[in-house]
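Asker:
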Amino acid sequence: MIPAERSASFVCQIEQVLDLYEQPYDADYPVVCLDESLKQLLDYECFTTSTGQRCRDSEYVRRGVVDLFVTTEPLRGWRCLSVEADHKAATWVQFVARQMDTTYREVKKVRWVMDNLTLLWQVVKQEAKT
Numbered sequence: 002m003i004p005a006e007r008s009a010s011f012v013c014q015i016e017q018v019l020d021l022y023e024q025p026y027d028a029d030y031p032v033v034c035l036d037e038s039l040k041q042l043l044d045y046e047c048f049t050t051s052t053g054q055r056c057r058d059s060e061y062v063r064r065g066v067v068d069l070f071v072t073t074e075p076l077r078g079w080r081c082l083s084v085e086a087d088h089k090a091a092t093w094v095q096f097v098a099r100q101m102d103t104t105y106r107e108v109k110k111v112r113w114v115m116d117n118l119t120l121l122w123q124v125v126k127q128e129a130k131t
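Each residue of the sequence shown is one higher than the one before, starting from 2 at the first, in our numbering.
#1: Using CA atoms only, rank isn't needed, just tell me which of D20, F70, S51, E46 is closest to T92.
#2: Could you tell me if Q100 is buried or exposed, where buried requires 16 or more neighbouring beta carbons within 10 angstroms of its beta carbon?
#3: Do P31 and V108 have their C-beta atoms closer together than 8 angstroms?
#4: Leaving out five residues on either side along the sequence, give the residues of the same chain with a beta carbon under 8 angstroms from the beta carbon of R55.
#5: Considering only the beta carbon of each residue, do R112 and L43 sit closer than 8 angstroms?
#6: Is the separation between the beta-carbon of A90 and that of V67 shorter than 8 angstroms?
#7: Use the C-beta contact count for L35: other C-beta atoms within 10 angstroms, 16 or more gives buried, fewer gives exposed.
#8: Among V12, Q14, V114, S8, which one has its Cα closest to the Cα of T72?
#9: Got a sec? Which residues, its chain only, sit under 7 angstroms from D58 by beta carbon, not counting five neighbours each side?
#10: Answer yes or no: do R77 and Q41 have a C-beta to C-beta separation smaller than 8 angstroms?
#11: Given that a residue counts as buried once 16 or more other Cβ atoms are within 10 Å of its Cβ, and exposed if not, what is V12?
#12: Taking the Cβ atom as the reference point for each residue, do E74 and V33 lie within a distance shorter than 8 angstroms?
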């Protein structure tokens, strides 16, 4: 739900993103979406029933958490997934740097589309100062 005091700002930002998506694909100025998701790693015991059917027990053991980074270029029909060991701002910066050094090395400008960008940049700037 969008808070009432932020609705105009939110709509403006969404319209900017929609305007980007309406533009034709330009390899020199790609529109790149970046998102991340934490995923819990679980280990299940498997067993075989008396009829020979393989089953998975409902109990599990936690095996940690990984952070998934996904970049997509919707106008090109391309995506990249990276599994990272932690959820730190420095890891995010390293992932973006790898993308810039490899996939986007030759482009003039990457037009990034991200959620929570303001909060993330505040964290990155703060960590860069320390």
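Beta carbons: idealized from backbone N, C-alpha and C, even for Gly.
Just so you know, these numbers come straight off a predicted model, no measurement behind them.
Answerer: In brief:
#1: Ranking the options by Cα distance to T92, first place goes to F70.
#2: It is buried - the Cβ of Q100 has at least 16 other Cβ atoms within 10 Å.
#3: Against a cut-off of 8 angstroms, the Cβ pair of V108 and P31 comes out as a contact.
#4: Result list for R55: C47, F48, T49, in chain order.
#5: If you check the CB distance, R112 and L43 do not come in under 8 angstroms.
#6: Judged by their CB atoms, A90 and V67 are not nearer to each other than the 8 angstroms cut-off.
#7: Result: buried.
#8: Sorting V12, Q14, V114, S8 by C-alpha distance to the C-alpha of T72 places V114 at the top.
#9: Only residues of its own chain outside the window of five on either side were considered, and among them Y45, E46, F48 have a CB closer than 7 angstroms to the CB of D58, listed in chain order.
#10: The criterion of a C-beta distance shorter than 8 angstroms is not satisfied by R77 and Q41.
#11: By the neighbour-count criterion, in which 16 or more other beta carbons inside 10 Å mark a residue as buried, V12 falls on the exposed side.
#12: Yes. Within cutoff.
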